[in-house]
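Enquirer: This is the structure I want to talk about, given as structure tokens.
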Amino acid sequence: GDDDDAGDGDGTGDDDDDGADDDDGTGDDDGTGDDDDAGDGDGTGDDDDDGAASGVSLGFGAFDPVASTIEVFYSSNNDISGVQFALSSDNSVISSAAGGLFEELGFNVVLSQETNILIAFSMDGGVLPAGEGILTNLTLEASEGAEICIFDAVVSDPSATELIILAEGCSTISFVQFRPGDFNADGETNVFDIVQLVNIILTGGIPSENQLLTSDMNEDGSINVVDIIQIVNVILSQRSTDATEARLIKAGNALNLNADGFIGGVQMTLSHGADFSIELTDKAMVADYRTNGNETTLIIVAPEGDELFIADGKYDIVEMIVANSAGRMDVSVVPDSFVLSQAYPNPFNPSTTINLSIPESGHASVMVYNVMGQLVSTLADGHMDASDYSLTWDASSVPSGVYFITASTVSQVSTQKVMLLK
Numbered sequence: 194g195d196d197d198d199a200g201d202g203d204g205t206g207d208d209d210d211d212g213a214d215d216d217d218g219t220g221d222d223d224g225t226g227d228d229d230d231a232g233d234g235d236g237t238g239d240d241d242d243d244g245a246a247s248g249v250s251l252g253f254g255a256f257d258p259v260a261s262t263i264e265v266f267y268s269s270n271n272d273i274s275g276v277q278f279a280l281s282s283d284n285s286v287i288s289s290a291a292g293g294l295f296e297e298l299g300f301n302v303v304l305s306q307e308t309n310i311l312i313a314f315s316m317d318g319g320v321l322p323a324g325e326g327i328l329t330n331l332t333l334e335a336s337e338g339a340e341i342c343i344f345d346a347v348v349s350d351p352s353a354t355e356l357i358i359l360a361e362g363c364s365t366i367s368f369v370q371f372r373p374g375d376f377n378a379d380g381e382t383n384v385f386d387i388v389q390l391v392n393i394i395l396t397g398g399i400p401s402e403n404q405l406l407t408s409d410m411n412e413d414g415s416i417n418v419v420d421i422i423q424i425v426n427v428i429l430s431q432r433s434t435d436a437t438e439a440r441l442i443k444a445g446n447a448l449n450l451n452a453d454g455f456i457g458g459v460q461m462t463l464s465h466g467a468d469f470s471i472e473l474t475d476k477a478m479v480a481d482y483r484t485n486g487n488e489t490t491l492i493i494v495a496p497e498g499d500e501l502f503i504a505d506g507k508y509d510i511v512e513m514i515v516a517n518s519a520g521r522m523d524v525s526v527v528p529d530s531f532v533l534s535q536a537y538p539n540p541f542n543p544s545t546t547i548n549l550s551i552p553e554s555g556h557a558s559v560m561v562y563n564v565m566g567q568l569v570s571t572l573a574d575g576h577m578d579a580s581d582y583s584l585t586w587d588a589s590s591v592p593s594g595v596y597f598i599t600a601s602t603v604s605q606v607s608t609q610k611v612m613l614l615k
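In this text, residue positions in the sequence shown follow the numbering used here: the first is 194, and each later residue adds one.
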């Protein structure tokens, strides 16, 4: 009357704990072996804690408040051929799953919006490798503070063996809905965002992750005047026709921008000496600059006139971005008048340099004559684009004396006298 085979309850083919007919694969539950069947979960014939846990963990990664997506990640000691899990979400709608390793490895992904159950598998034998990674990105509509969780997960390896689920994660979403260009996150996109963004650029500050998300309008990984212009477009909605051509013109101490339409902004870096000063136009949405040593960086947003700034002291433009509402433009820097500068050095031996400014493209020549009017050297002769040029005359092959350097275009002529002393 006892559940054993001898009728005695004494362990001779019974249901007792002495090692004859139990669950350990050796015939005992007596602590001399264990509770497995010599082919258990760890491959050693036991279910004890002699190694690292083997199984799969599922959870959530980064949430993108602009795209309204959240990453689903996994960590596994085994290759994976199939995944199924359910999602719970407070007052949220999960609309799709895309990207991640599921998409990269060609997994079929089915997401039921009625049950919030996701199933992913490969029809051609593909596997998710052991390790860690992003399975997919869920797109959802949620409110601030909503919680999303994974539960009832089933994961199998390539042999169709179900793997142990070690963890199923939850995430509380900080779902701040950012407006494009809302740099200061006050819920509005306006000139205050542009001012703060200009300050970040000029000071070399590092924007926060959320600031980068809202202000990197062209998604190139950096913030500059091109992004500012697109924020201007958000603020103003419509503009007059974009410029298709633009020229920067040096007119005395002023630098002007001549364009045939709307210019969204200008960003420049100038190199100069210690005796340099600059005054930016006041006819723009925003205009500001910062000087650090012998370099000045300036940003002018939506200039309303041609003049960008007036500078006192020599400078070179080492970097420049000029853009309309669509993006960057190719812009040339041209002088405002035809000028042949004084040669330097003068007197000289054996060479001297002279600068030439040509405001309009066309045929031009620069010739050297002696006092008899005879041509002794040609420095330039042909088509020349509107620009500034530096030309050097090597007079090693001619005798000492006075010479005349003459520059001419179709409509203008200028001459400088130089003296060669050997």
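The beta-carbon is built from N, C-alpha and C at its ideal position, and this holds for glycine as well.
Check the DSSP bridge columns for V611 and list the partner residues they point to.
Expert: Per DSSP, Y596.
Enquirer: For the putative contact between N455 and S518, defined by C-beta atoms under 8 Å, what is the C-beta separation to the nearest angstrom?
Expert: In the sequence as displayed, the identity of residue 455 is Phe instead of Asn. Contact holds; Cβ gap of about 6 Å.
Enquirer: Is the Cβ-Cβ distance between L311 and S289 less than 8 Å?
Expert: no
Enquirer: When you compare each of N539, D587 and I598 to Q567 by their alpha carbons, which one comes out closest?
Expert: It is I598.
Enquirer: Cα separation between N563 and Q609?
Expert: 12 Å
Enquirer: Does the Cβ-Cβ distance between D509 and S464 come in under 8 Å?
Expert: yes
Enquirer: Touch check for the stretch 539–547 and the stretch 471–490: three-plus C-beta pairs under 8 Å?
Expert: no
Enquirer: Taking DSSP's pairing of strands, which residues face T474 in a bridge?
Expert: Beta-bridge pairing links T474 to no other residue.
Enquirer: Closer than 6 Å by C-beta to M513: which residues in its own chain qualify, once you throw out the five before and the five after it? Chain order, please.
Expert: M461
Enquirer: Quick check: the Cα distance between A477 and D386, rounded to an integer number of angstroms?
Expert: 15 Å
Enquirer: Please return the same chain residues whose Cβ sits closer than 8 Å to the Cβ of N377, not counting the five positions on each side in sequence.
Expert: F385, D386 and Q389
Enquirer: Which residues in the same chain as S593 place their Cβ atom closer than 7 Å to its Cβ, once the five residues preceding and following it in sequence are excluded?
Expert: L613, L614 and K615
Enquirer: Specify the secondary structure class of F376 as computed by DSSP and reduced to three states.
Expert: coil
Enquirer: Nearest by alpha-carbon distance to A313: which of E297, V561, E340 and V276 is it?
Expert: V276
Enquirer: Give me, in chain order, the residues of the same chain whose beta-carbon lies closer than 8 Å to that of G236; leave out the 5 immediate sequence neighbours on both sides.
Expert: Bear in mind that the predicted position of G236 carries a pLDDT of just 41, short of 50, making it unreliable; the figure below should be weighed with that in mind. Taken in chain order, the list of residues that qualify is empty.
Enquirer: When burial is assigned at 16 or more other CB atoms within 10 Å of the CB, is N449 buried or exposed?
Expert: buried
Enquirer: Shortest alpha-carbon distance to V348 belongs to which of N330, T332, A323 and A339?
Expert: Comparing alpha carbon positions, the residue from N330, T332, A323 and A339 closest to V348 is A323.
Enquirer: For the stretch 409–486, which segments carrying the alpha helix (DSSP H) assignment without a break, of at least 4 residues, lie completely within its bounds, in sequence order?
Expert: 418–429
Enquirer: From this set, T407, E497 and Y596, which residue's C-alpha is nearest N451's C-alpha?
Expert: Of T407, E497 and Y596, the residue nearest in Cα terms is E497.
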